[in-house]
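> I have a structure here, written as structure tokens, and I will follow up with some questions on it.
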Amino acid sequence: MQTLCRMDLYARARELGIQTDYIDGQGHRHVTDAAALQIILDALPVRISTRLLDQAVVVRSGQPSRTDLSQATAFPLRWKIVAGVEVIADGEAHDRTIDWPADLPIGCWRLHLADASGHTEQSPFIVAPRAFAGDFDRCWLLAVQLYGIRSARNWGIGDFTDLEGLIELAASLGADGVGLNPLHALFDDRPGDCSPYSPNSRLFLNPLYVDVEKLPGFERAIEDQSMLPVLRADPTVDYAAVAELKWRALRFAFDVFKAGSKGERQRDFEKFCAERAPLLSRFACFEVLRHKLGKPWWEWPDEWRQPDEAKCASLRQGEDAAEIEFVEFVQWTADGQLRACKELADRLGMKVGLYLDVAVGVQCDGFDAWNEQTAISRHLSVGAPPDALNTAGQNWGLAGFNAAGLERQSFEPYREMLRASMRHAGAIRLDHVLGLKRLYLVPHGFAADNGVYVQMPFEALLAATAQESTRHRCVVIGEDLGTVPEGFRAQMAEWGIWSYQVMMFERDDTGSFRGVDHYSANALVTFNTHDLSTYAGWRSFSDLKLKRSIGIDPGESDDARWHALTMLSDVLRHHAIDDHDLYAVAGFLARTRSRLLAISLEDLLGVIEQPNIPGTVNEHPNWRQRLPLTIDAMPAAIDVAALKRATAVRSRAAV
Numbered sequence: 222m223q224t225l226c227r228m229d230l231y232a233r234a235r236e237l238g239i240q241t242d243y244i245d246g247q248g249h250r251h252v253t254d255a256a257a258l259q260i261i262l263d264a265l266p267v268r269i270s271t272r273l274l275d276q277a278v279v280v281r282s283g284q285p286s287r288t289d290l291s292q293a294t295a296f297p298l299r300w301k302i303v304a305g306v307e308v309i310a311d312g313e314a315h316d317r318t319i320d321w322p323a324d325l326p327i328g329c330w331r332l333h334l335a336d337a338s339g340h341t342e343q344s345p346f347i348v349a350p351r352a353f354a355g356d357f358d359r360c361w362l363l364a365v366q367l368y369g370i371r372s373a374r375n376w377g378i379g380d381f382t383d384l385e386g387l388i389e390l391a392a393s394l395g396a397d398g399v400g401l402n403p404l405h406a407l408f409d410d411r412p413g414d415c416s417p418y419s420p421n422s423r424l425f426l427n428p429l430y431v432d433v434e435k436l437p438g439f440e441r442a443i444e445d446q447s448m449l450p451v452l453r454a455d456p457t458v459d460y461a462a463v464a465e466l467k468w469r470a471l472r473f474a475f476d477v478f479k480a481g482s483k484g485e486r487q488r489d490f491e492k493f494c495a496e497r498a499p500l501l502s503r504f505a506c507f508e509v510l511r512h513k514l515g516k517p518w519w520e521w522p523d524e525w526r527q528p529d530e531a532k533c534a535s536l537r538q539g540e541d542a543a544e545i546e547f548v549e550f551v552q553w554t555a556d557g558q559l560r561a562c563k564e565l566a567d568r569l570g571m572k573v574g575l576y577l578d579v580a581v582g583v584q585c586d587g588f589d590a591w592n593e594q595t596a597i598s599r600h601l602s603v604g605a606p607p608d609a610l611n612t613a614g615q616n617w618g619l620a621g622f623n624a625a626g627l628e629r630q631s632f633e634p635y636r637e638m639l640r641a642s643m644r645h646a647g648a649i650r651l652d653h654v655l656g657l658k659r660l661y662l663v664p665h666g667f668a669a670d671n672g673v674y675v676q677m678p679f680e681a682l683l684a685a686t687a688q689e690s691t692r693h694r695c696v697v698i699g700e701d702l703g704t705v706p707e708g709f710r711a712q713m714a715e716w717g718i719w720s721y722q723v724m725m726f727e728r729d730d731t732g733s734f735r736g737v738d739h740y741s742a743n744a745l746v747t748f749n750t751h752d753l754s755t756y757a758g759w760r761s762f763s764d765l766k767l768k769r770s771i772g773i774d775p776g777e778s779d780d781a782r783w784h785a786l787t788m789l790s791d792v793l794r795h796h797a798i799d800d801h802d803l804y805a806v807a808g809f810l811a812r813t814r815s816r817l818l819a820i821s822l823e824d825l826l827g828v829i830e831q832p833n834i835p836g837t838v839n840e841h842p843n844w845r846q847r848l849p850l851t852i853d854a855m856p857a858a859i860d861v862a863a864l865k866r867a868t869a870v871r872s873r874a875a876v
């Protein structure tokens, strides 16, 4: 009987498109444990049963398209495409193929099907163009970890005024934008939880990036300013101390705002709240409840375990009204300062402006997981199976979207995330874009190698991405590193989603670096990422030494690194580049066809240690390291002439 139950379990998984066995990056076969699989199946919502359609219908705008029914039915089959109560188009099919009109309006609609036997069903119906292609040829961006920026005036963490300074610096160097780590909202009461890739919410901003000195009333919050020089001098971000000062200043600024005249600022605040409703109101209620109740949301009283508009409205009328409005005020303030950065980039003529990163998932006890319990599975963590760099596999501790929940809601939760990310951006990067096709999910309590691959509605998610990209005129780059399924990049490119090519990984089987012609046009190209060594660290073997010192297998020997350095010199010489410093590498990458090039500020300043070492928590100051120089001192530390020569083929006129 146990064997039969086990067989039924795996058969059910196959029916749901769940891959329970896989070959890892080292060639070993893994089969998911039955206990782990049971948790996974229980955690995923059941897909609404359909007989005629296997998945949402996706149509390319302006092109003829057809859909084949998954099985025969009683004909004639009547169909209609509906937007609310309005019928956009309708028709009748007499065989298993439906030809759609070529002039359908762009949008996400509902398809209603009814056959002659009386059977009916519905499905999302998406009409989408290709993604926004960008209105520039080739340019380059300055890549920055905003929290690590030093300045003479910030409070121990980079802020949005520093970002304005970075935009001006980037423009003076000839760059067309600044690329940033995710700016997502984290948990304000968890200073140790500082990874920008482990957010409370991807829909709202991290208030620690607010420059509180721009707000009326902040002065009263820091009568004793003795801590500020200490925080500014600290080589790492002291999140607890910074948060204590900033939240106090924000509260004083809120009190001043409430006591002030109800003029233009009040009207702008009300407009922002209306524009971001109902999500902003829910987020504010969630934050107040989270602090009051002090437990994960699934342990809250029953009335609050699900978001409810009526209950949130009643909460706003009670003793928590001011606290709720305070959360909204802080988000309004952050949004306004980020918008000012975007407007500065526009005034300077930058072609991209802000290039923002989007995390692959959210923390399971955060706002997004509470707000969207159907489309986000809190019991499962997104990760990756074992590979050459991470032999035990990876469990990122993040909850991700699931297919059935997204389809039930016509992909609106995914769209909301995109809209929030694109709000002030000229380009975004979707971290681990492979998750749009399949996600590797690990149940809580199990090792990272005991997960499964779950199929996602890839084409529908690409279409939704393209819609929002076009609407916001925002280029979308998919971080497509790792083991990529056959045809994945081609399908992504068909929808106008760009690739992400990291020179460190662009090598053949002999270890030789690939030439400039290898790189795609619609791609962002860079030497490294925040999870890899800086250029100075790579050349000095510092990354290998550090990993070994903290008990981590670096996945590379010293001999392999010497070989890599030799191969780098070879490819540079092959392209008539005689040197092998950072500017030589930048010059090589600048010659590629790739329309975006990112150069990290850490590399320009010769920083040794990388921002993050995957697989570590406390062994390394991940997401805490600050740059060695203030913004004002950076131009003197950069060989500006060499940088401009290296990027001349794609550089804007100096400002």
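In this note's numbering, the protein residues as written are 222 to 876. Yeah, the Cβ is synthetic: ideal placement off N, Cα and C, and Gly gets one too. All figures in this text were calculated on a predicted structure; none of them were measured in a lab.
Residues bridged to LYS301 by DSSP?
For the purposes of this step, residue 301 is taken as the residue at position 80 of the sequence shown. Partner(s): ASP311, HIS333.
> Do you know whose CA, among TRP719, ALA857, ALA681, lies nearest LEU818's CA?
Locating residue 818 in the sequence shown gives position 597, counting from the first residue. It is TRP719.
> Suppose the cutoff is 6 Å on Cβ atoms and the five residues either side in sequence are ignored; what does the same chain contact list for MET638 look like?
Along the sequence shown, read from residue 1 onward, the residue named residue 638 stands at position 417. So the qualifying residues of the chain are ARG423.
> Which residue spans inside the region 617 to 699 form an unbroken beta strand (DSSP E) run of at least 3?
You should have 648 to 651, 659 to 664, 673 to 676, 696 to 699.
> Ignore the nearest five residues each way along the sequence and tell me which others in ALA641's own chain have a CB closer than 6 Å to its CB.
Within the sequence shown, residue 641 is the residue found at index 420, counting from 1. Excluding sequence neighbours, ALA641 sits near LEU424.
> Give, in chain order, every unbroken run of the alpha helix (DSSP H) that is at least 4 residues long and sits entirely within the region 448 to 496.
Runs of the alpha helix (DSSP H) inside the region 448 to 496: 448 to 454, 460 to 480, 485 to 496.
> Whose C-beta lies closer than 6 Å to the C-beta of ILE260 among residues of the same chain, with five residues either side of it excluded?
Reading the sequence shown from its first residue, position 39 is the one you call residue 260. Same-chain partners within the cutoff: PRO664.
> For my contact list, LEU559 and LEU426 are in at a C-beta cut-off of 8 Å; report their separation, rounded to the angstrom.
Start at 1 with the first residue of the sequence shown, and residue 559 comes out as number 338. Start at 1 with the first residue of the sequence shown, and residue 426 comes out as number 205. That pair is a contact at about 7 Å.
> Report the three-state DSSP secondary structure of GLU707 (helix, strand or coil).
Within the sequence shown, numbered from 1, the residue matching residue 707 stands at position 486. If DSSP states are grouped into helix, strand and coil, GLU707 belongs with coil.
> According to the neighbour-count rule (16 or more other Cβ atoms, all chains shown, within 10 Å of its Cβ), is PHE478 buried or exposed?
Here residue 478 corresponds to residue number 257 of the sequence shown, with the count starting at 1. Result: buried.
> Taking C-alpha atoms, which residue in LEU325, LYS532, LEU274, LEU850 lies nearest to HIS333?
For the purposes of this step, residue 333 is taken as the residue at position 112 of the sequence shown. Here the closest residue by C-alpha is LEU274.
> Taking 8 Å as the cut-off, is the C-beta of ARG526 nearer than that to any heavy atom in the ligand NAP?
By its list of ligands, the structure shown contains no ligand whatsoever, and the ligand NAP lies outside what it can speak to.
> Mind checking which residues open and close the beta strand (DSSP E) that includes ILE319?
Against the sequence shown, residue 319 aligns to sequence position 98. 318 to 321 is the span of the beta strand (DSSP E), which, as asked, contains ILE319.
> Quick check: the Cα distance between TYR243 and GLY703, rounded to an integer number of angstroms?
For the purposes of this step, residue 243 is identified with residue 22 of the sequence shown, where counting begins at 1. For the purposes of this step, residue 703 is identified with residue 482 of the sequence shown, where counting begins at 1. Each residue's alpha carbon lies about 15 Å from the other.
> At what residue ranges does the region 507 to 582 contain a whole run of the beta strand (DSSP E), taking only runs of 3 or more?
Within the region 507 to 582, the complete beta strand (DSSP E) runs of at least 3 residues are 574 to 579.
> Just tell me which of ASP738, ILE852, LEU864, ALA555 has its CA closest to the CA of ARG374.
Position 153 of the sequence shown, counted from the first residue, corresponds to residue 374. Of ASP738, ILE852, LEU864, ALA555, the residue nearest in Cα terms is ILE852.
> Whole-angstrom Cβ separation of VAL348 and ILE327, contact assumed at under 8 Å?
The residue labelled residue 348 in the question sits at position 127 within the sequence shown. The residue labelled residue 327 in the question sits at position 106 within the sequence shown. So it is a contact: roughly 5 Å between Cβ atoms.
> Under a Cβ-count criterion, where at least 16 other Cβ atoms within 10 Å of its own Cβ denotes burial, should PHE632 be classed as buried or exposed?
As a first step, residue 632 must be located in the sequence shown, where it is residue number 411. Counting Cβ neighbours within 10 Å, PHE632 comes out buried, since at least 16 surround it.
> For THR755, which residues from the same chain have a beta carbon less than 6 Å from its beta carbon, with the 5 sequence-adjacent residues on both sides left out?
Position 534 of the sequence shown, counted from the first residue, corresponds to residue 755. Contacts found: GLU823, ASP824, VAL828, GLN831.
> Could you have a look at THR837 and say whether DSSP puts it in helix, strand or coil?
The count along the sequence shown starts at 1 and reaches residue 837 at position 616. Looking at THR837 - three-state DSSP - the assignment turns out to be coil, as it is neither helix nor strand.
> Can you grab the Cα-Cα spacing for the pair TRP553 / PHE493, in whole Å?
Locating residue 553 in the sequence shown gives position 332, where the first residue counts as 1. Locating residue 493 in the sequence shown gives position 272, where the first residue counts as 1. When rounded, the distance between both Cα atoms is 7 Å.
> Need the endpoints of the alpha helix (DSSP H) that LEU258 sits in, please.
Stepping through the sequence shown from its first residue, residue 258 is reached at position 37. Where LEU258 is concerned, the enclosing alpha helix (DSSP H) stretches over 255 to 264.
> From this set, ILE820, ASP380, ASP799, which residue's C-alpha is nearest VAL905's C-alpha?
No statement about residue 905 is possible, as the shown extent of the chain runs from 222 to 876 and does not include it.
> Suppose you measure from the CA of ARG359 to the CA of GLY283; what does that come to, to the nearest Å?
For the purposes of this step, residue 359 is identified with residue 138 of the sequence shown, where counting begins at 1. For the purposes of this step, residue 283 is identified with residue 62 of the sequence shown, where counting begins at 1. Rounded to the nearest angstrom, the two C-alpha atoms are 28 Å apart.
> Hey, could you find the ends of the beta strand (DSSP E) GLY604 is sitting in?
Taking the sequence shown and counting its residues from 1, the one referred to as residue 604 is at position 383. Its beta strand (DSSP E) spans residues 601 to 605.
> If the criterion is Cβ atoms closer than 9 Å, does the pair ARG287 and ASP320 meet it?
Sequence index remark: in the sequence shown, residue 287 carries index 66 (1-based). Sequence index remark: in the sequence shown, residue 320 carries index 99 (1-based). Closer than 9 Å, so yes.
> Quick check: what's the CA-CA separation for SER482 versus GLY574?
For the purposes of this step, residue 482 is identified with residue 261 of the sequence shown, where counting begins at 1. For the purposes of this step, residue 574 is identified with residue 353 of the sequence shown, where counting begins at 1. Computed Cα separation, rounded: 34 Å.
> Just to confirm, is the Cβ distance from VAL433 to ALA474 under 9 Å?
Within the sequence shown, numbered from 1, the residue matching residue 433 stands at position 212. Within the sequence shown, numbered from 1, the residue matching residue 474 stands at position 253. Against a cut-off of 9 Å, the Cβ pair of ALA474 and VAL433 comes out as a contact.
> Find out if the Cβ-Cβ distance for the pair TRP518, ASP586 is shorter than 9 Å.
The count along the sequence shown starts at 1 and reaches residue 518 at position 297. The count along the sequence shown starts at 1 and reaches residue 586 at position 365. Cβ distance < 9 Å, so TRP518 and ASP586 count as in contact.
> Could you round the C-beta distance between GLY604 and GLY614 to whole angstroms and report it? I think they count as a contact, below 8 Å.
On the sequence shown, residue 604 is found 383 positions in, with the first residue counted as 1. On the sequence shown, residue 614 is found 393 positions in, with the first residue counted as 1. Contact flag correct, Cβ pair sits at about 6 Å.
> Considering only the alpha carbon of each residue, which of ASN616, GLN688, GLY699 lies closest to LEU651?
As a first step, residue 651 must be located in the sequence shown, where it is residue number 430. Out of ASN616, GLN688, GLY699, GLY699 has the C-alpha closest to the C-alpha of LEU651.
> Looking at VAL673 and ALA255, is the spacing between their C-beta atoms short of 9 Å?
As a working mapping, residue 255 is identified with position 34 in the sequence shown. As a working mapping, residue 673 is identified with position 452 in the sequence shown. No. Outside cutoff.
> Beta-carbon separation of LYS572 and HIS645 under 9 Å?
Residue numbering aside, residue 572 sits at position 351 when the sequence shown is read from its first letter. Residue numbering aside, residue 645 sits at position 424 when the sequence shown is read from its first letter. No.
> Would you identify the three-state DSSP class for ALA373, choosing helix, strand or coil?
Counting from one through the sequence shown, the residue named residue 373 turns up at place 152. Coil.
> Leaving aside the five residues before and after ILE859 along the sequence, list all residues of the same chain whose C-beta is less than 8 Å from its C-beta, in chain order.
Translated into the one-based positions of the sequence shown, residue 859 becomes position 638. Around ILE859: LEU394, LEU825, LEU826.
> Within the chosen definition, does the region 836 to 849 reach the region 366 to 373 through at least 3 CB pairs nearer than 8 Å?
Short answer: they touch.
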